[in-house]
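*Asks:*
If you want it as structure tokens, here you go:
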């Protein structure tokens with residue numbers, strides 16, 4: 001998937017990454033993977049700011065200023081309190097020789113500077129990882145909101161949220177009891193950002209299609225992928241019912257019969273939780289009057305369903321983007337007028 005182009009700062013008369021003119025705060029924030037408000041806070045609280053300001057107002061960061069910020073990020077990510085990190089970063093800049101002007105950082109680089117096994121990922125993943133390791137809630141909150149606003153929900157989920165969550169999870173698994181608090185806090189902020197998208201879309205127009213049911217199979221506690229799907233459906237104006245983690249089979253059966261859904265999405269993170277018998281039961285459940293009984297389509301979502309091709313009445317999307325496309329098509333088919341060329345509901 002191609003990465004979106006990084007726009008220049010609004011109203012900047014020169015290239016915001018041109019060292020000859022200094023670099024804007026927004027460009028520095030993108031380069032380092034931190035929120036612009038974090039840079040302004042460090043400037044106000046600890047004096048980690050630009051040496052010069054254009055017209056006395058706009059911050060323009062020199063290569064030396066950026067080197068101090070890089071050291072500040074490195075120290076805070078390793079657990080040094082910000083006030084101590086600022087003193088050390090400033091002291092190091094005085095002792096060091098003036099650095100050469102850096103070239104613009106590529107969008108993807110190995111390593112993270114925060115101890116997380118991120119590998120070759122977007123620059124923003126490293127910034128989000130640094131904030132998570134510092135337990136910096138305000139920065140995580142602002143970064144996630146800004147990324148969704150700039151790149152959209154799907155790209156932010158697939159290229160920033162998921163890689164960072166996976167890296168924190170791997171670090172947790174290999175570090176004993178360490179990093180548990182990092183994983184929990186990051187998951188909470190990702191969930192909060194996704195729900196804000198859903199809530200913000202509620203005021204828009206809503207489709208008249210039957211709802212889409214979202215549920216984790218029994219024994220499955222991983223709900224974030226379903227929350228991302230719920231947010232994407234809300235953006236599309238498609239009705240959804242989110243039932244969350246570990247839904248009992250009897251409860252899911254009753255929900256299907258009561259709502260007559262356009263589709264049912266069943267999430268399984270691992271093969272040990274994938275409930276194939278439940279998926280078949282949902283796909284075979286029929287409702288309505290005799291002679292015109294309808295069935296729903298089941299989407300098998302998550303890596304737990306990997307294996308042979310799905311049975312009739314089931315689909316297995318490859319990711320969030322594909323799942324949204326399939327569900328939009330199913331809702332359009334469910335609302336298509338008879339004889340209008342749309343796919344008819346499955347009949348028994």
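Numbering (full-length UniProt numbering), first residue to last: 1 to 348.
Glycine is no exception: its CB is placed at the ideal position from the N, C-alpha and C atoms.
Just so you know, these numbers come straight off a predicted model, no measurement behind them.
In terms of residue numbering, what span does the beta strand (DSSP E) encompassing residue 129 cover?
*Replies:* Within the chain shown, the letter at position 129 stands for residue 129. From DSSP, residue 129 is part of no beta strand (DSSP E) but of the alpha helix (DSSP H) over 123–133.
*Asks:* Quick one: residues in its chain with C-beta nearer than 7 angstroms to the C-beta of residue 28, no 5 flanking neighbours on either side, listed in chain order?
*Replies:* For the purposes of this step, residue 28 is identified with residue 28 of the chain shown, where counting begins at 1. Excluding sequence neighbours, residue 28 sits near 39, 61, 66, 69.
*Asks:* Tell me the residue span of the alpha helix (DSSP H) that contains residue 230.
*Replies:* In the chain shown, counting from the first residue as 1, residue 230 sits at position 230. 224–236 is the extent of the alpha helix (DSSP H) around residue 230.
*Asks:* For residue 240, which of helix, strand or coil comes out of DSSP?
*Replies:* In the chain shown, the residue the question calls residue 240 occupies position 240. Of the three classes helix, strand and coil, the one that applies to residue 240 here is strand, per DSSP.
*Asks:* Which of the three DSSP states is assigned to residue 212 in this structure?
*Replies:* Within the chain shown, numbered from 1, the residue matching residue 212 stands at position 212. Strand at residue 212.
*Asks:* Please report the straight-line C-alpha distance between residue 300 and residue 158, rounded to a whole angstrom.
*Replies:* In the chain shown, residue 300 corresponds to position 300, counting from 1. In the chain shown, residue 158 corresponds to position 158, counting from 1. If you take the alpha carbons of residue 300 and residue 158, they lie about 18 angstroms apart.
*Asks:* How many Å lie between residue 133 and residue 45 at the Cα?
*Replies:* Taking the chain shown and counting its residues from 1, the one referred to as residue 133 is at position 133. Taking the chain shown and counting its residues from 1, the one referred to as residue 45 is at position 45. Computed Cα separation, rounded: 21 angstroms.
*Asks:* Starting from residue 42, trace the alpha helix (DSSP H) both ways and give me its first and last residue.
*Replies:* Counted from its first residue, the chain shown places residue 42 at position 42. Its alpha helix (DSSP H) spans residues 36–46.
*Asks:* May I have the straight-line CA-CA distance separating residue 108 from residue 122, to the nearest angstrom?
*Replies:* Counting from 1 along the chain shown, the entry for residue 108 is found at position 108. Counting from 1 along the chain shown, the entry for residue 122 is found at position 122. Residue placement at residue 108 is flagged as unreliable, the pLDDT there being 41, under the threshold of 50; the coordinate-derived value follows with that caveat. Roughly 5 angstroms between the two C-alpha positions.
*Asks:* Pull up the CB-CB distance for residue 258 and residue 285, whole angstroms please, since I reckon it's below 8 angstroms.
*Replies:* For the purposes of this step, residue 258 is taken as residue 258 along the chain shown, with counting starting at 1. For the purposes of this step, residue 285 is taken as residue 285 along the chain shown, with counting starting at 1. With 8 angstroms as the limit, residue 258 and residue 285 do not qualify as a contact, their Cβ atoms being about 11 angstroms apart.
*Asks:* Of the choices 329, 321, 274, 73, whose alpha-carbon is the least far from that of residue 306?
*Replies:* Residue numbering aside, residue 306 sits at position 306 when the chain shown is read from its first letter. With distances taken between Cα atoms, residue 306 lies closest to 274.
*Asks:* Could you tell me which of 209, 228, 302, 236 sits nearest to residue 260, measuring between CA atoms?
*Replies:* By one-based count along the chain shown, residue 260 stands at place 260. Here the closest residue by C-alpha is 209.
*Asks:* Helix, strand or coil for residue 202 per DSSP?
*Replies:* In the chain shown, residue 202 corresponds to position 202, counting from 1. Three-state result, residue 202: coil.
*Asks:* Just tell me which of 125, 48, 124 has its CA closest to the CA of residue 87.
*Replies:* Position 87 of the chain shown, counted from the start, is the residue given in the question as residue 87. Nearest C-alpha to residue 87: 48.
*Asks:* With C-beta atoms as the reference, is residue 235 less than 7 angstroms away from residue 193?
*Replies:* To locate residue 235, count along the chain shown from 1; it is residue 235. To locate residue 193, count along the chain shown from 1; it is residue 193. In this structure, residue 193 does not lie closer than 7 angstroms to residue 235 by Cβ.
*Asks:* Would residue 226 and residue 267 qualify as a contact pair, given that the criterion is a beta-carbon distance under 7 angstroms?
*Replies:* As a working mapping, residue 226 is identified with position 226 in the chain shown. As a working mapping, residue 267 is identified with position 267 in the chain shown. It is a contact, given that the beta carbons lie within the stated cut-off.
*Asks:* Can you have a look at residue 101 and say buried or exposed, based on whether 16 or more other CB atoms are within 10 angstroms of its CB?
*Replies:* What you label residue 101 is simply residue 101 of the chain shown in a count that begins at 1. Legend: pLDDT at residue 101 = 38, less than 50; position of this residue unreliable, value from coordinates given subsequently. Burial call: exposed.
*Asks:* Ends of the alpha helix (DSSP H) at residue 256?
*Replies:* Translated into the one-based positions of the chain shown, residue 256 becomes position 256. Start and end: 249–259.
*Asks:* Can you round the beta-carbon distance between residue 265 and residue 214 to whole angstroms, since I take them to be within the 8 angstroms contact cut?
*Replies:* The residue given as residue 265 occupies position 265 in the chain shown. The residue given as residue 214 occupies position 214 in the chain shown. The Cβ separation is near 5 angstroms, so the contact holds.
*Asks:* Quick check on DSSP: helix, strand or coil for residue 162?
*Replies:* Start at 1 with the first residue of the chain shown, and residue 162 comes out as number 162. In the structure shown, residue 162 sits in a helix (DSSP, three-state: H, G or I).
*Asks:* Does the distance from the CB of residue 125 to the CB of residue 164 come in under 7 angstroms?
*Replies:* Your numbering for residue 125 matches position 125 in the chain shown. Your numbering for residue 164 matches position 164 in the chain shown. In contact: residue 125 and residue 164 (Cβ atoms closer than 7 angstroms).
*Asks:* Beta-carbon within less than 6 angstroms of residue 327's beta-carbon, same chain only, minus the 5 sequence neighbours each way: which residues are those?
*Replies:* Taking the chain shown and counting its residues from 1, one reaches residue 327 at position 327. Closer than 6 angstroms at the Cβ level, and outside the excluded window around residue 327, lie 212, 263.
*Asks:* Let's see if you can read the secondary structure: which residues bound the alpha helix (DSSP H) around residue 28?
*Replies:* As a first step, residue 28 must be located in the chain shown, where it is residue number 28. Element bounds for residue 28: 25–32.
*Asks:* Below 8 angstroms CB to CB, which residues in the same chain sit around residue 278 once its five sequence neighbours on both sides are set aside?
*Replies:* Residue mapping note: residue 278 aligns to position 278 of the chain shown, counting from 1. Same-chain partners within the cutoff: 217, 218, 249, 252, 266.
*Asks:* Give every residue of the same chain whose Cβ lies closer than 7 angstroms to the Cβ of residue 160, excluding the five residues on either side of it in the sequence, and list them in chain order.
*Replies:* Translated into the one-based positions of the chain shown, residue 160 becomes position 160. So the qualifying residues of the chain are 122, 124, 125, 128, 147.
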